[in-house]
Amino acid sequence: MKKIRRKGRLRIDRIGYALGIIIFVILIINIINYIQYNNKVYDSVINSGAKNALIEKKYKKLKIYDKTIKLIKSDDVSVVIKDKNSKTYLSSKNVEKNMNINVDIYNKRLKYKNFPWTKSLFIENKGIIRKSNKVEINLPNYLLSNKYIDIYGVTKDDNVVPVSLKEKAKRKIKIKTDKRYVRYFITFIKLDKIEVSDSTVNKDSIVNLNIKYIPQTATIKDYEYTKIGNIFKINSDGKLVAKKTGTGKVTIKHTIQNIQATATIKVKREENKVEIKNGITYVNGILIANKTYALPKTYNPGKLSDEVVEAFNKMKEAASKDNIKLWIQSGYRSYETQEKLYNGYVNKDGISKADTYSARPGHSEHQTGLAMDLNIIDSSFANTKEGKWIAENCYKYGFIIRYPKGKEDITGYMYEPWHVRYVGNDLAGKIYKSGLTLEEYLGISSKYKD
Ligand SMILES: [Zn+2]
């Protein structure tokens, strides 16, 4: 009994002894690790000048064999780090032009919250390249916490060349190595701030925000709209469009980081540029012939313009596919022809009545060579399938119904469902969608002086 008890005690002693050794070994390994990490220039962190100074003070006990700091601008610090073998890790002057990168160092134990902007990792080529030209790198957690990273190759002459920008951050990153690069530099540069300038834009125009990213080198420079108010709209291409005149606020948010900025944007009506060339009036480049603006007697293109005929033929072809037959009833009319026509109407109906349906010489749109009467010159045309097709589709070919229903006071003419004017696809689409007449769209009048 006693012997057995003693043996049992012995066994417990041995286990305790063995455990003690294991704990001791683990402790030693940890101490070695700790010392190693403390002494190794492990990674790099990029930061602003002010914070750089702080880091330097805080971690000056790190064994850095050579470190030069040079002030470039008031808030830019260039740092060159050398390890004990006098190898230059990276100097900010070698980083891509305008990258504005400042390099600092830290060891593995530092807390990353001290470096809010940039976290990066250097990989020495000799360590990762053996015979294979594809290497796998385990991304450290502080880089993995970002959705994207940038990978740069550093040449022998310390030139930093982008290898893969905005790469998705994964635990294992594969790099196809290249003999040109002696080391790689993997980084994510966090955005600190977005600034959007206030601006003034024209109504119906696409709003291009003037955005400043700080730092400029941020890995991700994408944003989305969070608040656009009621005078702006996002179009089908995802672009911001000014829909109404007035002043509105637009707020954008960085796509990944929760950083926002707001701009005040004033939307004004586009000022019309009225030009008179050889007696012909152009408003924003659009030739105008109405009751306010006359064409000179000498303006005589002789026929419909080639562009208009081509557009009409396209429209005619498209219409025929819908079983609609279109033809030009009346195209170009000279000053003299209009003079005879108008005078005839005046003799028949008197001036005031003739003015509602016929233009005085020089004021007819038919003299421009850009307008035409289609099919049947009668108000009943509006209710025919041809008339309806024209009303709904002519803008697609650059035409507008020039004298719409209910706009007689604005255009100066009664409703003419057959009379179309060519203004080009872009403007025709805008006018059609606005529901305005050409006069309203351009902000001009159509009234005889007398
Ligand atoms: Zn006409």
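So in the working numbering, spot 51 of the sequence shown is number 92, and the numbers just go up one at a time.
For each residue, glycine too, the CB sits at the ideal point set by N, CA and C.
Here the structure is a predicted model, which means the values were calculated and not measured.
Residue(s) in a DSSP beta bridge with residue i
| i | result |
| --- | --- |
| R462 | A412 and I441 |
| P203 | Y193 |
| Y383 | DSSP, once it has assigned bridges, lists no residue as partnering Y383. |
| T339 | Answer is none; T339 lacks a bridge partner. |
| K209 | Y189 |
| E222 | Reading off the sequence, residue 222 comes out as Tyr, not Glu. For Y222, which the question treats as bridged, DSSP gives the partners T196. |
| E316 | Y323 |
| S371 | D414 |
| I329 | T322 |
Chain-order list of residues whose beta-carbon lies under 7 Å from that of residue i (same chain, five-residue window excluded)
| i | result |
| --- | --- |
| G194 | V202, V204, D219, R221, Y222 and Y225 |
| A59 | none |
| S173 | Note that S173 scores a pLDDT of 46, beneath 50, so its modelled location is shaky and nothing firm can be said. |
| K426 | I365 |
| K446 | Y456 |
| A423 | P458 |
| D414 | Q370, S371, W459 and H460 |
| K338 | Y376 and G403 |
Close-in-space but distant-in-sequence residues of the same chain around residue i (CB under 8 Å, 5 per side omitted)
| i | result |
| --- | --- |
| V237 | L250, N251, I252, K253, V291, I293, A302, T303 and A304 |
| M356 | L367, N434, C435, K437, Y438 and F440 |
| D419 | W459 |
| E208 | Y189, I190, D191, I192 and I214 |
| S432 | First, the amino acid is wrong: residue 432 is Ala here, not Ser. Excluding positions up to five away in sequence, the list reads A423, I442 and P458. |
| G270 | G289, K290 and V291 |
Beta-carbon contacts of residue i that lie in its chain and below 6 Å, excluding the five residues immediately before and after
| i | result |
| --- | --- |
| N276 | V282 |
| G428 | F422 and P458 |
| P248 | Looking at the sequence provided, one finds Val at residue 248 rather than Pro. Taken in chain order, the residues that qualify are V242, L281 and A283. |
| K285 | I272 |
| A492 | Because the chain spans 42 through 491 in this model, residue 492 falls outside it and cannot be assessed. |
| V349 | L411 and Y463 |
Contact belief for residue i with residue j at Cβ below 8 Å, rounded distance in angstroms
| i | j | result |
| --- | --- | --- |
| Y340 | Q257 | Their Cβ separation, rounded to whole angstroms, is 55 Å, which puts Y340 and Q257 out of contact at 8 Å. |
| T397 | Y489 | That belief does not hold up - the Cβ atoms of T397 and Y489 are roughly 12 Å apart, past 8 Å. |
| I192 | I227 | 5 Å |
| Y264 | I306 | Actually they are not in contact, since the Cβ atoms of Y264 and I306 sit about 15 Å apart, beyond 8 Å. |
| I300 | G289 | Their Cβ separation, rounded to whole angstroms, is 21 Å, which puts I300 and G289 out of contact at 8 Å. |
| S346 | G410 | 5 Å |
| S399 | R374 | Between R374 and S399 the Cβ distance is about 11 Å, and since that is not below 8 Å, they are no contact. |
| A352 | W430 | Not a contact, Cβ separation roughly 16 Å. |
| D245 | K471 | 7 Å |
| T452 | Y463 | Wrong, their Cβ atoms sit about 16 Å apart, outside the cutoff. |
| L328 | I321 | 6 Å |
| L232 | A210 | Not quite, the Cβ-Cβ distance comes to about 16 Å (not below 8 Å), so this is no contact. |
Near ligand 2: residue i beta-carbon under 7 Å from a heavy atom
| i | result |
| --- | --- |
| E457 | In the structure on display, ligand 2 does not appear, and the ligands it does have are ligand 1. |
Secondary structure, beta strand (DSSP E): runs of 3+ residues fully inside the segment 269 to 312: 273 to 275, 281 to 283, 287 to 295 and 301 to 309
Unbroken stretches of the beta strand (DSSP E), 3 residues or longer, contained in the segment 235 to 265: 240 to 243 and 252 to 255
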